[in-house]
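The working numbering numbers the first residue of the sequence shown as 81 and each following residue consecutively.
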Amino acid sequence: MNMVEANEKDAPNMVGRYEIKRVIGRGGMAVVYEGYDPRFKRNVAVKVLPKEFLHDPSFRSRFEQEARTVATLEHPSIVPVYDFGEDGGAPYLVMRLMTGGTLSDKLRNGPLGMSQATHVIQRIGAALDTAHQNGVIHRDLKPGNILFDQYGEPYLADFGIAKLAESGSHTLTPTGSHIGTPAYMSPEQITAEAPLDGRSDIYSLGIILYEMLTGERPYKADTMMGLAYQQVNSPVPRVVEAHPFLPAGTQRLFDKALAKKREQRFESGQSLGKATTELMAQLATPTVPSPTILADSNPQIDDTIVMSPEAPKKQGQIDAGRRRLMGLPLWIFFVAGGALLATTLCAIFAFPYLLPDDQSTTPTQAVALVATETQTSVVTEPPTHTATPTLPRDTPTMLPTPTATEIPTDTPKPTPTLDIETIPENPVVGSQFRRAIDMSMMVYVPGGSFIMGSEPGSVGFQEDQGPQHEVILDPYWIDLREISAAQFAKFLNEEGNQLTDGAPWFDIDHAEALIEEVDGIYQAKAGFSEHPVTFVMWYGAFAYCNWADAALPTEAQWEFAARGPDQNAFPWGNNTSGNNLNYCDSNCTQDWADGSVNDGYAMTAPVGAYPDATSWVGALDMAGNVWEWTLDWYAPDYYGRSELENPAGPNNGSNRVLRGGSWSSPLNETRGAFRKNFRPNIRFAGVGFRCALPNGN
Numbered sequence: 081m082n083m084v085e086a087n088e089k090d091a092p093n094m095v096g097r098y099e100i101k102r103v104i105g106r107g108g109m110a111v112v113y114e115g116y117d118p119r120f121k122r123n124v125a126v127k128v129l130p131k132e133f134l135h136d137p138s139f140r141s142r143f144e145q146e147a148r149t150v151a152t153l154e155h156p157s158i159v160p161v162y163d164f165g166e167d168g169g170a171p172y173l174v175m176r177l178m179t180g181g182t183l184s185d186k187l188r189n190g191p192l193g194m195s196q197a198t199h200v201i202q203r204i205g206a207a208l209d210t211a212h213q214n215g216v217i218h219r220d221l222k223p224g225n226i227l228f229d230q231y232g233e234p235y236l237a238d239f240g241i242a243k244l245a246e247s248g249s250h251t252l253t254p255t256g257s258h259i260g261t262p263a264y265m266s267p268e269q270i271t272a273e274a275p276l277d278g279r280s281d282i283y284s285l286g287i288i289l290y291e292m293l294t295g296e297r298p299y300k301a302d303t304m305m306g307l308a309y310q311q312v313n314s315p316v317p318r319v320v321e322a323h324p325f326l327p328a329g330t331q332r333l334f335d336k337a338l339a340k341k342r343e344q345r346f347e348s349g350q351s352l353g354k355a356t357t358e359l360m361a362q363l364a365t366p367t368v369p370s371p372t373i374l375a376d377s378n379p380q381i382d383d384t385i386v387m388s389p390e391a392p393k394k395q396g397q398i399d400a401g402r403r404r405l406m407g408l409p410l411w412i413f414f415v416a417g418g419a420l421l422a423t424t425l426c427a428i429f430a431f432p433y434l435l436p437d438d439q440s441t442t443p444t445q446a447v448a449l450v451a452t453e454t455q456t457s458v459v460t461e462p463p464t465h466t467a468t469p470t471l472p473r474d475t476p477t478m479l480p481t482p483t484a485t486e487i488p489t490d491t492p493k494p495t496p497t498l499d500i501e502t503i504p505e506n507p508v509v510g511s512q513f514r515r516a517i518d519m520s521m522m523v524y525v526p527g528g529s530f531i532m533g534s535e536p537g538s539v540g541f542q543e544d545q546g547p548q549h550e551v552i553l554d555p556y557w558i559d560l561r562e563i564s565a566a567q568f569a570k571f572l573n574e575e576g577n578q579l580t581d582g583a584p585w586f587d588i589d590h591a592e593a594l595i596e597e598v599d600g601i602y603q604a605k606a607g608f609s610e611h612p613v614t615f616v617m618w619y620g621a622f623a624y625c626n627w628a629d630a631a632l633p634t635e636a637q638w639e640f641a642a643r644g645p646d647q648n649a650f651p652w653g654n655n656t657s658g659n660n661l662n663y664c665d666s667n668c669t670q671d672w673a674d675g676s677v678n679d680g681y682a683m684t685a686p687v688g689a690y691p692d693a694t695s696w697v698g699a700l701d702m703a704g705n706v707w708e709w710t711l712d713w714y715a716p717d718y719y720g721r722s723e724l725e726n727p728a729g730p731n732n733g734s735n736r737v738l739r740g741g742s743w744s745s746p747l748n749e750t751r752g753a754f755r756k757n758f759r760p761n762i763r764f765a766g767v768g769f770r771c772a773l774p775n776g777n
């Protein structure tokens with residue numbers, strides 16, 4: 081629903097055991113407060129049925145149904161219910177407090193990047209599939225009902241008008257009545273001619289995808305009646321004609337997602353997510369003008385909880401709109417007259433799925449960004465060899481801002497000049513790709529099956545490394561090296577050193593931190609620009625990868641990139657040479673120091689300092705130097721219940737998994753199967769990270 085300003089003086093001091101702080105939203109049938117739970121010492125959202133509806137049995141029943149419905153739907157992308165009760169005869173619902181705003185908030189800045197839109201569709205589509213499998217149809221899916229947590233992850237909310245789909249089930253809405261938001265309602269929901277099924281929600285999700293990619297809705301009218309008429313009768317707009325920066329294949333996707341007959345639509349959220357992923361995996365962008373932010377011609381009447389973001393923008397933070405152009409623009413940097421200039425390079429991927437329906441031609445070559453360091457500024461012609469891969473699902477939107485801070489270095493370096501190389505349709509091991517926003521090189525990891533974990537009795541075995549189990553992964557990319565201090569300083573200058581769990585992402589005050597703040601500018605300390613960033617908590621690593629339009633690797637992705645299908649003990653193989661990594665050698669003061677090796681580094685080594693110790697895909701530093709945060713929660717028994725395909729760890733926990741060992745680790749802890757875990761707010765001198773792009777092609 082559209083949030084309206086609620087009257088603070090009407091807010092109660094307590095609802096049940098929950099201390100009420102403020103009103104955060106009001107809709108057609110509920111008021112939502114930010115509250116505090118003294119029992120569990122956490123902030124919560126408290127949704128209360130207003131007093132004017134207490135004597136209306138239908139509103140009361142609908143409110144209670146929402147509590148029962150959400151309580152039965154356990155999914156990582158559905159806002160969880162913590163409690164339900166009554167206070168003074170008024171029912172209330174207690175949920176997780178979502179502080180990242182709504183999708184509506186994000187869309188006010190214009191369309192989203194393809195990677196972010198795809199991520200939303202995947203997560204919300206999976207949540208809808210869970211609801212549908214449990215016989216629940218949402219019926220009011222729209223951007224205002226997609227909320228984000230503090231880490232930017234989307235969640236499905238507001239099942240207040242959800243309907244049970246089972247035959248003979250009791251419903252709160254008589255046949256022929258209309259509940260929902262017309263701009264997102266399916267034709268069958270508007271006409272009420274037949275019982276709804278999950279494909280009605282999939283239609284609504286298709287409308288949302290359209291809005292995320294274009295910045296506008298497919299159907300517009302001055303009245304709700306006119307809008308409803310268009311939903312039922314008007315053909316799917318020719319999206320590529322109106323938005324030529326989108327690939328032609330986008331039309332096929334929307335023709336299916338928004339089909340008037342539900343039999344012609346995607347069957348599930350997963351199938352829509354897969355189609356969106358396939359489109360993005362093949363997408364590159366021609367020259368794109370800045371998207372026009374269109375005024376909403378028909379403000380909707382809604383009844384959805386809306387949570388607005390709490391924190392104001394940090395000074396110097398990138399305007400989100402600057403990096404929300406569609407697709408994957410490629411940038412060339414050069415120096416002229418001492419000024420940093422940027423020129424957009426067109427890159428067009430011509431794959432069959434992206435061609436107009438009336439074309440049939442072989443795929444054409446596309447271009448990608450590959451950086452080399454030279455003293456001159458030359459754009460070369462595409463060579464004839466193929467060495468750079470097709471961009472994967474979560475390939476970053478590469479739009480550095482005109483005022484972006486350059487990565488600080490200790491000594492002047494040659495200006496990066498970007499050569500152009502053709503991108504093969506089918507990348508292979510050894511293919512590389514450079515992210516423009518932070519200049520991180522990424523290496524390609526082909527999908528496949530491997531055995532994860534260690535056998536009892538093997539060297540360095542710990543109980544949480546078993547049982548060994550098969551894992552199947554989709555293709556993905558992973559950073560060639562760990563994120564450096566200079567790169568993280570650039571991120572801090574653009575996003576700020578924000579607080580999570582009461583502490584900043586990066587411990588700038590620690591004497592051994594490799595980043596300092598000088599006159600309000602973060603920079604790597606002299607001599608440490610290329611050393612891995614340390615003293616960064618999990619939340620900071622997560623935020624960095626999100627800023628780079630990437631993600632932290634899952635534990636399975638990290639291990640596969642390090643060990644490969646042959647289950648190597650170390651990235652380079654099975655020999656235990658201490659000369660291939662930075663671990664606790666003679667420079668280390670720990671009791672377990674190996675005095676037989678001296679690498680010359682008392683603590684961290686520069687990233688990529690051991691070029692002969694690459695993993696099977698070419699990744700460096702996957703043993704030693706710094707422990708690396710992964711995406712997963714830690715559970716010692718997780719391997720016994722892990723998913724077969726693309727596991728991402730337990731749904732919750734108290735600690736996050738780290739991999740790889742550090743400069744202070746004994747050799748056994750640097751093995752590819754070794755698992756460590758810390759609380760996500762911990763910051764140590766031996767902890768860093770790298771990013772990944774899951775589900776690439």
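Just so you know, even glycine gets a beta-carbon here, dropped at the ideal spot from N, CA and C.
Asked                                                                                                                                                              : Found
Ignore the nearest five residues each way along the sequence and tell me which others in residue 318's own chain have a CB closer than 8 Å to its CB.              : 331
Is residue 522 close to chain D, meaning its C-beta is less than 8 Å from at least one C-beta of that chain?                                                       : Here chain D cannot be found, since the structure has a single protein chain.
Can you have a look at residue 279 and say buried or exposed, based on whether 16 or more other CB atoms are within 10 angstroms of its CB?                        : buried
Leaving out five residues on either side along the sequence, give the residues of the same chain with a beta carbon under 6 Å from the beta carbon of residue 731. : 156
Residues bridged to residue 170 by DSSP?                                                                                                                           : 167
If you compare alpha carbons, which of 133, 111, 97 and 312 is closest to residue 118?                                                                             : 97
How many Å lie between residue 611 and residue 597 at the Cα?                                                                                                      : 17 Å
Assuming contact is defined by CB atoms lying nearer than 8 Å, are residue 588 and residue 573 in contact in what I supplied?                                      : no
Specify the secondary structure class of residue 588 as computed by DSSP and reduced to three states.                                                              : coil
What's the call for residue 73, buried or exposed, on a 16-neighbour Cβ count within 10 Å?                                                                         : The requested residue 73 is not part of the displayed model; the chain covers only 81 to 777.
Which residue marks the beginning of the beta strand (DSSP E) containing residue 757, and which one marks its end?                                                 : 756-758
According to DSSP, is residue 486 part of a helix, a strand, or is it coil?                                                                                        : For residue 486, the pLDDT reaches just 32, beneath the cut-off of 50, and the residue's location in the model is therefore unreliable, although a value from the coordinates is still provided. Residue 486 falls in the coil class under three-state DSSP.
If you draw a straight line from the alpha carbon of residue 95 to that of residue 128, how long is it in whole angstroms?                                         : 9 Å
Grab me the residues of residue 153's own chain with a C-beta within less than 7 Å of its C-beta, minus the 5 sequence neighbours each way, in chain order.        : 210, 211, 214 and 216
Considering only the alpha carbon of each residue, which of 648, 771, 137 and 284 lies closest to residue 223?                                                     : 284
Quick test of your reading: residue 637 and residue 552, contact by CB under 8 Å. State the CB separation rounded to the nearest angstrom.                         : Not a contact, Cβ separation roughly 12 Å.
Rounded to the nearest angstrom, how far is the Cβ of residue 172 from that of residue 200, given a contact under 8 Å?                                             : Incorrect: roughly 29 Å between the Cβ atoms, too far for contact.
Could you compute how far the alpha carbon of residue 728 sits from the alpha carbon of residue 556?                                                               : 14 Å
Could you pull the start and end residues of the alpha helix (DSSP H) that residue 131 belongs to?                                                                 : No alpha helix (DSSP H) contains residue 131, which DSSP labels as neither H nor E.
Taking C-beta to C-beta, are residue 720 and residue 663 nearer than 8 Å?                                                                                          : no
When we look at the beta-carbon of residue 600 and count the other beta-carbons within 10 Å, is it buried (16 or more) or exposed?                                 : exposed
Determine, using beta-carbon pairs with one atom in the segment 740-758 and one in the segment 537-548, whether at least three such pairs fall under 8 Å.          : yes
If you draw a straight line from the C-alpha of residue 109 to the C-alpha of residue 734, how long is it?                                                         : 36 Å
So, with DSSP's three-state summary, where would you put residue 643?                                                                                              : helix
Within 8 Å, do at least three Cβ pairs link the segment 308-327 to the segment 259-276?                                                                            : yes
Closest by CA to residue 343, which one among 294, 266 and 621?                                                                                                    : 266
Does the beta-carbon of residue 660 have 16 or more other beta-carbons within 10 angstroms, so that it is buried, or is it exposed?                                : buried
One question on the structure: do residue 293 and residue 137 come within less than 8 Å of each other, judged by their Cβ atoms?                                   : no
Specify, as a first and last residue, the run of the beta strand (DSSP E) that residue 117 falls within.                                                           : 111-117
Roughly how many whole angstroms lie between the Cα atoms of residue 189 and residue 339?                                                                          : 28 Å
Could you give the distance in angstroms between the alpha-carbon of residue 804 and the alpha-carbon of residue 204?                                              : For the chain, the structure presents residues 81 to 777; residue 804 sits outside this window and is missing.
Determine the extent of the beta strand (DSSP E) in which residue 710 is found, giving its start and end residues.                                                 : 707-713
Going by DSSP, which residues form a beta bridge with residue 227?                                                                                                 : 182 and 235
Comparing C-alpha positions only, which one of 725, 676, 304 and 684 sits nearest to residue 834?                                                                  : Any question about residue 834 goes unanswered here, given that the chain covers just 81 to 777.
Residue 509: buried (16+ other C-beta within 10 angstroms of its C-beta) or exposed?                                                                               : exposed
Between which two residues does the beta strand (DSSP E) carrying residue 340 extend?                                                                              : Neither: residue 340 is in no beta strand (DSSP E) and is coded neither H nor E.
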